[in-house]
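Protein chains in written order, with this note's numbering: chain A, 602 to 1014; chain B, 602 to 1014.
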């Protein structure tokens, strides 16, 4: 089964946002044997939208549109599809009631232009939107399936996962199954070097690597017809890659590093506290993204100034005078300081120079110290990171999280 | 002039990366009077790539491809364009020398498959790639321009900015200029209601609205031929919209809310400290993303547990017992607590229930208190937010930032 994903919205063509919806949807489709051959983006223009959807109907079995279902005048996806399929727009009473209820829930007045959000081409199956006012729909028309979803990713994703995926799963034939191995602390070319022989003889499964800040993910994908066979195809290659990459691997389940760390903390019931300088709360924001983390995450201090390092964390003035805020000694005192105040099992601190200003010859931009202390031990790691401010801060966050992972997994730093 | 941007690569269709190249390119084109009407993504498949490029040639003046210029067997953009234009691939000697020099510079051996990277359709103008091995090219063919660029954004962007933009600028005739008005605290449909008459009679300038969590941006775009005229076209409509949306507007320059807040803090030399519970460091992470903010941002406490609220912020046990951690009283004590410890001009606190667990009938998920204190005054805002954990946390962060903006701008909360 071939799908085409059409993202609708002039804001995409003006470059204000990236088309992450197509990325999300086409990342999920192969699991159910549906392949996207094209992504298209078209603006809020009736004529071009119609041409675009017609073109997709000529080359794909399943058309998934995102966007253009809002209440405003430039939201015309419903109208375009209605015209192409020659099915009039009809209002769905239950759908309208849902929209009214939604406005009540968020305590805002519903305006009359929201009424059109309950209108869909005749015969459409409505897909509820628990997180917004724009429902979606599925239309079966001759041998084609047309699916319309709203544009905001936080609305589109749960609708796609909970309704569209199960619906389409019944249609797929040949299937793909992928394993994602996620690593931290090894460069993309070093990683590729380590598995080059496997990559060059790949056929089924296929192997691909892709890199983001500090991390490389290896995707191993098998084509299969029966579920059992998929694992038989995947296992030998996956096992070999895992053997070679060893403890650089933090997840074999495509989890984020912070999720892995939070799961470990909760499983081991290890309480943790944080003292952040250059990351200014980013590590804490990561941990607190995980529901239920309050069981083990006690709290943190974002000590941006020297005064705060002294007042809130008890870093000594002597240390700051002698070694400066970006130093091994200060990192250790910060970690010990927050541990004293929270009595956590482990405490982690970060101090560094994220730039663009503040660097010197001895302490250049990108110099960062990360310290982890337990009730008995003290570790400090010195990092020399490159890139701009946001890259250095993001990479520092990952290094800090990985240090906690390694400690909890009994690995060396 | 109409452009179509074609991103090439199966990794895009598998959802491994988002098509940020199209976003970047189409964000730049309007400055020189070129409009993208479509973005397309196609995989490393010869037949579909050719169909896709032919389709683009039928509806656009300028075709810009990104990707598929690498050294491996699945990189076939050159071959596809050569076939469509019926221009044979020829090797460029200077280009080959550049590729050899690049490998020398990074200390790696050049493999024979890199030779094909110096081959382009006859008559192509080669575009150098200072950051990688894949040069790009520009081909003028009848009344169309075909531009091929490599896929990695760090290679593509400087080539586009330094060579392609100046080249295309000469072709542009009619130009676009946009103003972006960013608002917080007004829903998309309410906003459109407020400006509906302007939207419905729009012609030049055009008006579009688009929403993200808690925020709505209004884009006003003028088509013009001379620079002075653009502002004449924009000003009456922009002024009217600004009058109607009033203090919901936080930027007329397309800035992020946190940037506006940081600029205000620095301009007014107002020091600030934070006490975060449910946002767990997100507000702090936002502020510290701004270079130089250490002049006014003193620090913060991420007090996730009740103990931390008492130990680090001095919230009284009585308050927590009587009113709970998610209460007006606790929010105020948190803000006063961090202010006492930092002596900041203003202090802001956040406490709430981000979910999915932890909600009760009296205190449901989404209930959040934000408090702002100065040396003389105390304010608390009660919020009832909706959505999942990450939406509630993101929206809380925006509410907190907006409260600081309103205080610093002398506006009511």
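We put the CB at the ideal spot given by N, CA and C, even for glycine.
Is there a Cβ of chain B sitting closer than 8 Å to that of residue i, yes or no?
i: residue 747/A; result: no
i: residue 625/A; result: yes
i: residue 697/A; result: no
i: residue 674/A; result: yes
i: residue 649/A; result: yes
i: residue 888/A; result: yes
i: residue 883/A; result: yes
i: residue 751/A; result: no
i: residue 805/A; result: no
i: residue 960/A; result: no
i: residue 763/A; result: no
i: residue 715/A; result: yes
Name, please, each residue of chain A whose Cβ falls closer than 9 Å to the Cβ of residue i.
i: residue 640/B; result: 608, 613, 614, 620, 640, 641, 642 and 643
Between residue i and chain A, is there a C-beta pair that is closer than 8 Å?
i: residue 927/B; result: no
i: residue 770/B; result: no
i: residue 692/B; result: no
i: residue 990/B; result: yes
i: residue 921/B; result: no
i: residue 670/B; result: no
i: residue 800/B; result: yes
i: residue 1011/B; result: no
i: residue 915/B; result: no
i: residue 996/B; result: no
i: residue 912/B; result: yes
Identify whether residue i lies in helix, strand or coil by the three-state DSSP scheme.
i: residue 928/A; result: coil
i: residue 673/A; result: coil
i: residue 633/B; result: helix
i: residue 552/B; result: Residue coverage of chain B in this structure runs from 602 to 1014, which leaves residue 552/B outside it and unanswerable.
i: residue 945/B; result: coil
i: residue 953/A; result: strand
i: residue 622/A; result: helix
i: residue 704/A; result: helix
i: residue 968/A; result: strand
i: residue 842/B; result: helix
i: residue 692/B; result: strand
i: residue 816/A; result: strand
i: residue 686/A; result: helix
i: residue 993/A; result: helix
i: residue 911/A; result: helix
i: residue 715/A; result: helix
What does residue i touch in chain A if you count any residue whose Cβ is under 7 Å from its own?
i: residue 940/B; result: Going along chain A, no residue has its Cβ under 7 Å from residue 940/B, so there is no contact; the nearest lies around 12 Å.
i: residue 909/B; result: 899, 900 and 943
i: residue 810/B; result: 673
Going along chain B, which residues have a C-beta under 7 Å from residue i?
i: residue 712/A; result: 790, 791 and 794
I want to verify the contact list: residues of chain A whose CB lies under 8 Å from the CB of residue i, in sequence order.
i: residue 653/B; result: 639
i: residue 957/B; result: 892
i: residue 904/B; result: 900
i: residue 985/B; result: 707 and 708
i: residue 895/B; result: 905 and 906
Can you pull the chain B neighbours of residue i, defined as C-beta to C-beta under 9 Å?
i: residue 631/A; result: 615 and 616
i: residue 730/A; result: Simply none; closest approach about 12 Å.
How many whole angstroms separate the CB atoms of residue i and residue j, which I take to be in contact at a CB cut-off of 8 Å?
i: residue 902/A; j: residue 1011/B; result: Wrong, their Cβ atoms sit about 31 Å apart, outside the cutoff.
i: residue 880/A; j: residue 951/A; result: 5 Å
i: residue 973/B; j: residue 980/B; result: 5 Å
i: residue 741/B; j: residue 689/B; result: With 8 Å as the limit, residue 741/B and residue 689/B do not qualify as a contact, their Cβ atoms being about 17 Å apart.
i: residue 1007/B; j: residue 1014/B; result: 6 Å
i: residue 820/A; j: residue 779/A; result: 6 Å
i: residue 751/A; j: residue 717/A; result: Contact doesn't hold; Cβ gap of about 13 Å is too wide.
i: residue 719/A; j: residue 683/A; result: Not quite, the Cβ-Cβ distance comes to about 14 Å (not below 8 Å), so this is no contact.
i: residue 878/A; j: residue 859/A; result: Not quite, the Cβ-Cβ distance comes to about 19 Å (not below 8 Å), so this is no contact.
Using a Cβ cut-off of 8 Å, pull out every chain B residue sitting near residue i, in sequence order please.
i: residue 628/A; result: 615, 616 and 617
i: residue 755/A; result: 814, 988, 989, 991 and 992
Next item on the list: Please specify which runs of the beta strand (DSSP E), each continuous and at least 3 residues long, are wholly inside the region 735–768 of chain B, giving them in chain order.
Entry: 737–742 and 745–750
Item checked: Sequence ranges, alpha helix (DSSP H) only - wholly within the region 866–908 of chain A, length at least 4 -> 883–888
Next item on the list: Entirely within the region 641–674 of chain A and at least 4 residues each: give me those alpha helix (DSSP H) ranges in chain order.
Entry: 647–660
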